[in-house]
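For the record, in the sequence shown the residue sitting at position 55 is 1029 according to this note's numbering, with numbers rising by one throughout.
Have a look at the structure below before the remarks.
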Amino acid sequence: MKFLRHIFVKHAVSTVFVLAFIISGSYFYFLQQTQASTTIAVGDNPKYSTLVGTDLYVLNWTAGNVSVVNTTTNTVSTTITVGSAPSHSTLVGTNLYVLNNGSANVSVINTTTDTVSATIVVGTTPYHSTLVGTDLYV
């Protein structure tokens, strides 16, 4: 059984990325013109994604990590450990702010090095964020 989690449209015409959770495991499907062309295994329960250049950062809710998918080669280039239950991410410059719903903090990923550069403590169960100017509201 497949549950649609998130749709990300790239180049608006021919490429659609769909994150789906499969009961028997976790997979990331790359769809081209509505036909599945590649299946890429990522962490448990992919929840959300953010495209940064040609890399798609997939937040894995149950695993507490982020899979970095190279959309040129359709492979996972690295996996980054973040807090518990990552639920949403916002890109600000080269930093990806990942809201960790289960650990009441935000992991800041430097997308140039694919490492966590900071962890910011916030209120209980952060779930969404909005960027207004240079301020990120969680």
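Beta carbons are placed, not taken as given, at the ideal position from N, Cα and C, and that holds for glycine.
Since this is a predicted model, take the numbers as computed values, not measurements.
- Within the same chain, and ignoring the five residues on either side of T1053 in sequence, the residues whose Cβ sits closer than 6 Å to its Cβ are N1039 and S1041.
- Rounded to the nearest angstrom, the Cβ distance from L1070 to T1085 is 5 Å, consistent with a contact under 8 Å.
- Proximity to L1025 across T1013, W1035, D1018 and V1066 peaks at V1066, based on C-alpha coordinates.
- Within the DSSP bridge table, the entry for N1039 names N1034 and T1055 as partners.
- Just so you know, the alpha carbons of T1089 and S1081 end up roughly 10 Å apart.
- Of the candidates G1076, T1046 and N1019, the residue whose Cα lies closest to the Cα of L1030 is T1046.
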